[in-house]
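Protein chains in written order, with the numbering used here: chain A, 22 to 165; chain B, 22 to 165; chain C, 3 to 75; chain D, 3 to 75. To start, the structure itself, in structure tokens.
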């Protein structure tokens with residue numbers, strides 16, 4: 022798991038991951054790259070991350086991957102990320118394609134729903150919490 | 022669509038595609054990288070491709086992608102590809118992640134089943150057609 | 003004493019309170035004007051482990067995290 | 003005359019035959035010892051378009067491709 026201040030150097034990360042696993046005999050490598058879209062007059066997005074719980078979340082996914090002979094990797098930006106640059110890359114390596122295709126989908130969707138990351142629109146240098154696009158985590162409302 | 026003699030330079034292709042679409046306002050970029058696994062004593066795989074029908078197949082996918090606001094790209098190796106090097110990269114770009122996640126799966130599976138590419142095991146410099154791993158194309162048996 | 007941290011957009015400094023269960027934490031936080039309206043949307047972790055049991059018992063020094071709706075990626 | 007090409011592992015040189023439909027092509031190929039056993043597994047294209055109709059009519063100079071089982075990737 023890699024966290025970076027500001028936008029990700031996607032080419033560097035993609036290439037390094039490719040090399041790290043080049044002798045591990047995986048047949049399929051599927052990265053998912055998330056890039057900030059220009060919309061509704063935003064200058065970019067900004068992110069807060071709570072590292073300790075993200076690490077626990079990611080560790081569980083590493084275990085899930087291991088049971089299928091696969092491996093997961095991820096990197097995410099902290100702080101401001103301008104439009105047309107990337108905030109997120111996740112990847113699955115596996116011996117066979119079916120496992121990788123199904124796992125990248127499940128991994129990215131679970132990330133979206135349960136990774137402790139908060140998103141803000143950046144407009145005129147100010148952060149506005151993306152309420153409408155955010156999802157309560159599993160178990161939300163316990164204290165209500 | 023890109024065809025190369027021998028193994029693909031995956032980093033170059035990945036990075037170039039990233040740059041080509043960097044201003045197109047896609048939020049999701051999902052490549053699928055296929056790498057030759059060491060197994061059963063092979064030195065690598067070798068591929069024959071029939072370009073004209075592959076081009077028609079790929080054109081149809083470009084149309085499918087367009088109807089969903091997405092874009093597909095692909096590159097494949099022709100001839101010999103040693104183990105631990107890559108023969109295939111396909112990718113989907115789309116504004117939103119669901120379209121990209123579903124399309125990379127459908128695209129890769131249809132590629133496997135219907136792209137006019139023939140695979141051979143390379144053993145001691147000789148090609149052996151991968152009969153057991155090959156799939157008859159849609160409509161096979163018409164002339165039987 | 004346990005420590006309660008408010009993550010992300012809640013924008014409130016940590017507080018220290020006396021509580022033996024998450025139910026007691028709930029009771030106290032419902033009375034905090036600037037936090038009560040967040041509670042229906044928030045998940046809870048104790049010492050960085052997600053918890054879904056209101057009877058979960060707390061010990062001195064535990065860290066309770068209040069996690070509002072997320073959107074990574 | 004139409005031209006019949008055998009792709010990939012079939013490993014047979016192209017042939018030229020007289021045929022007005024794919025049904026006639028089928029009849030001729032079934033008599034070729036080195037090709038007949040491939041036919042149940044092969045798809046067919048005419049001028050690089052996949053065809054699934056045996057009555058498809060052919061014209062002089064058409065190119066017929068015989069495509070054995072594939073495995074890209």
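Virtual Cβ for every residue (Gly too), placed ideally from N, Cα, C.
*Using a Cβ-Cβ cut-off of 8 Å, state whether residue 90 (chain A) counts as contacting chain B.*
For the purposes of this step, residue 90 (chain A) is identified with residue 69 of the first chain, where counting begins at 1. Judged by the 8 Å Cβ criterion, residue 90 (chain A) is not in contact with chain B.
*asked:* Would residue 22 (chain C) and residue 59 (chain C) be called neighbours here (beta carbons separated by less than 8 Å)?
replied: Your numbering for residue 22 (chain C) matches position 20 in the third chain. Your numbering for residue 59 (chain C) matches position 57 in the third chain. Their beta carbons are under 8 Å apart, which means residue 22 (chain C) touches residue 59 (chain C) by this criterion.
*At a cut of 8 Å, does the stretch 146-154 of chain A reach the stretch 83-98 of chain A through at least three beta carbon pairs?*
no
*Would the C-beta of residue 23 (chain B) count as close to the ligand GDP, meaning under 7 Å from any of its heavy atoms?*
Absence of the ligand GDP is noted for the structure shown, with no ligands found whatsoever.
*What residues from the stretch 28-48 of chain C come within 8 Å of chain A, judged by C-beta to C-beta, listed N to C?*
28, 31, 32, 41, 42, 43, 44, 45, 46 and 47
*Taking residue 38 (chain B) as the query, report the chain D residues whose CB atoms sit under 7 Å from its CB, ordered along the chain.*
The residue labelled residue 38 (chain B) in the question sits at position 17 within the second chain. Within 7 Å Cβ-Cβ: nothing; residue 38 (chain B) doesn't reach chain D, min ~18 Å.
*Which value, in whole angstroms, describes the spacing of the CA atoms of residue 52 (chain C) and residue 163 (chain A)?*
Residue mapping note: residue 52 (chain C) aligns to position 50 of the third chain, counting from 1. Residue mapping note: residue 163 (chain A) aligns to position 142 of the first chain, counting from 1. Using only the alpha carbons, I get a separation of about 11 Å.
*Residues that residue 56 (chain B) bridges to, as DSSP identifies them*: Sequence index remark: in the second chain, residue 56 (chain B) carries index 35 (1-based). Note: residue 56 (chain B) sits in a beta bridge opposite B:107.
*According to DSSP, what are the bridge partners of residue 99 (chain B)?*
Along the second chain, one-based indexing puts residue 99 (chain B) at 78. B:26, per the DSSP bridge assignment.
*Taking C-alpha atoms, which residue in B:50, B:157 and B:62 lies nearest to residue 135 (chain B)?*
Locating residue 135 (chain B) in the second chain gives position 114, where the first residue counts as 1. Of the listed residues, the one whose Cα sits closest to residue 135 (chain B) is B:157.
*May I have the straight-line CA-CA distance separating residue 9 (chain D) from residue 71 (chain B), to the nearest angstrom?*
Taking the first residue of the fourth chain as position 1, residue 9 (chain D) is located at position 7. Taking the first residue of the second chain as position 1, residue 71 (chain B) is located at position 50. Cα-Cα distance, rounded: 7 Å.
*Identify the continuous beta strand (DSSP E) that holds residue 52 (chain C) and give its terminal residues.*
In the third chain, counting from the first residue as 1, residue 52 (chain C) sits at position 50. Its beta strand (DSSP E) spans residues 51-53.
*Per DSSP, which one or two residues make a beta bridge with residue 39 (chain D)?*
For the purposes of this step, residue 39 (chain D) is taken as the residue at position 37 of the fourth chain. DSSP output for residue 39 (chain D) lists no bridge partner at all.
*Alpha carbon to alpha carbon, how far is residue 83 (chain B) from residue 69 (chain B)? Give it in angstroms, no decimals.*
Taking the first residue of the second chain as position 1, residue 69 (chain B) is located at position 48. Taking the first residue of the second chain as position 1, residue 83 (chain B) is located at position 62. Each residue's alpha carbon lies about 23 Å from the other.
_Euclidean distance between Cα positions of residue 58 (chain A) and residue 36 (chain D)_ = The residue given as residue 58 (chain A) occupies position 37 in the first chain. The residue given as residue 36 (chain D) occupies position 34 in the fourth chain. Roughly 57 Å between the two C-alpha positions.
*Chain-order list of residues whose beta-carbon lies under 6 Å from that of residue 49 (chain A) (same chain, five-residue window excluded)*: Mapped onto the first chain, residue 49 (chain A) falls at position 28. Once the five neighbours on either side are set aside, the close Cβ partners of residue 49 (chain A) are 115, 118 and 121.
_One or two residues paired with residue 69 (chain A) in a DSSP bridge_ = Against the first chain, residue 69 (chain A) aligns to sequence position 48. BP columns for residue 69 (chain A) point to A:139.
*Would you mind giving the Cβ-Cβ distance between residue 31 (chain B) and residue 54 (chain B), rounded to the nearest angstrom? I have them listed as a contact below 8 Å.*
Here residue 31 (chain B) refers to the residue found at position 10 of the second chain. Here residue 54 (chain B) refers to the residue found at position 33 of the second chain. Sure, about 6 Å apart at Cβ, within 8 Å.
*Closer than 7 Å by C-beta to residue 107 (chain B): which residues in its own chain qualify, once you throw out the five before and the five after it? Chain order, please.*
Residue 107 (chain B) sits at position 86 when you count from the first residue of the second chain. These residues qualify, in order along the chain: 28, 29, 31, 54, 55 and 56.
*For a contact meaning CB atoms closer than 7 Å, what does residue 34 (chain A) contact in chain B?*
For this step, residue 34 (chain A) is matched to residue 13 along the first chain. Neighbours of residue 34 (chain A) on chain B: none; closest Cβ ~11 Å, over 7 Å.
*Span of the alpha helix (DSSP H), counted from its first residue to its last, around residue 35 (chain A)*: Residue 35 (chain A) sits at position 14 when you count from the first residue of the first chain. Start and end: 31-41.
*Is the shortest distance between the beta-carbon of residue 4 (chain D) and the beta-carbons of chain B less than 8 Å?*
For the purposes of this step, residue 4 (chain D) is taken as residue 2 along the fourth chain, with counting starting at 1. No, no contact with chain B.
_Tell me which residue opens and which closes the beta strand (DSSP E) that residue 17 (chain C) is part of._
Within the third chain, residue 17 (chain C) is the residue found at index 15, counting from 1. Taken as a continuous stretch (DSSP letters only), the beta strand (DSSP E) holding residue 17 (chain C) covers 17-19.
*Between which two residues does the beta strand (DSSP E) carrying residue 164 (chain A) extend?*
Position 143 of the first chain holds residue 164 (chain A). No beta strand (DSSP E) holds residue 164 (chain A); DSSP gives it neither H nor E.
*Can you pull the chain A residues whose beta carbon is under 9 Å from the beta carbon of residue 54 (chain C), in chain order?*
Locating residue 54 (chain C) in the third chain gives position 52, where the first residue counts as 1. Correct list: 159, 160 and 163.
*Let me know the secondary structure DSSP gives residue 28 (chain D) once reduced to three states.*
In the fourth chain, residue 28 (chain D) corresponds to position 26, counting from 1. DSSP places residue 28 (chain D) in helix when its eight states are reduced to three.
_Amino acids of chain B, ordered along the chain, whose beta-carbon sits closer than 7 Å to that of residue 56 (chain A)_ = For the purposes of this step, residue 56 (chain A) is identified with residue 35 of the first chain, where counting begins at 1. Ordered by position in chain B, the residues that pass the 7 Å Cβ test against residue 56 (chain A) are 47, 48 and 50.
*Determine the chain F residues that contact residue 144 (chain A) at a beta-carbon separation under 7 Å, and present them in chain order.*
No chain F appears in this structure, whose protein chains are A, B, C and D.
*Drop a sphere of 10 angstroms on the beta-carbon of residue 159 (chain B), count the other beta-carbons inside from all chains shown, and report buried for 16 or more, exposed for fewer.*
The residue you call residue 159 (chain B) lines up with position 138 of the second chain. By the neighbour-count rule (16 or more Cβ atoms within 10 Å), residue 159 (chain B) is not buried but exposed.
*Could you give the distance in angstroms between the alpha-carbon of residue 139 (chain A) and the alpha-carbon of residue 67 (chain A)?*
By 1-based counting over the first chain, the position of residue 139 (chain A) is 118. By 1-based counting over the first chain, the position of residue 67 (chain A) is 46. Each residue's alpha carbon lies about 8 Å from the other.
_Starting from residue 69 (chain C), trace the beta strand (DSSP E) in both directions and tell me its first and last residue._
Your numbering for residue 69 (chain C) matches position 67 in the third chain. Where residue 69 (chain C) is concerned, the enclosing beta strand (DSSP E) stretches over 65-69.
*Residues bridged to residue 115 (chain B) (per DSSP)*: Within the second chain, residue 115 (chain B) is the residue found at index 94, counting from 1. Paired residues: B:49.
*Give the range of the beta strand (DSSP E) segment to which residue 147 (chain A) is assigned.*
Taking the first chain and counting its residues from 1, one reaches residue 147 (chain A) at position 126. First-last of the beta strand (DSSP E) with residue 147 (chain A): 147-150.
*Please report how far the alpha carbon of residue 38 (chain A) lies from the alpha carbon of residue 18 (chain C), in whole angstroms.*
In the first chain, the residue the question calls residue 38 (chain A) occupies position 17. In the third chain, the residue the question calls residue 18 (chain C) occupies position 16. If I take the Cα positions, the gap works out to 43 Å.
_Using the three-state DSSP reduction, which class does residue 14 (chain C) fall into: helix, strand or coil?_
Against the third chain, residue 14 (chain C) aligns to sequence position 12. Residue 14 (chain C): coil per DSSP, three-state reduction.
_According to DSSP, residue 88 (chain B) sits in a beta bridge with which residue or residues?_
The residue you call residue 88 (chain B) lines up with position 67 of the second chain. Its beta-bridge partners do not exist; DSSP assigns none.
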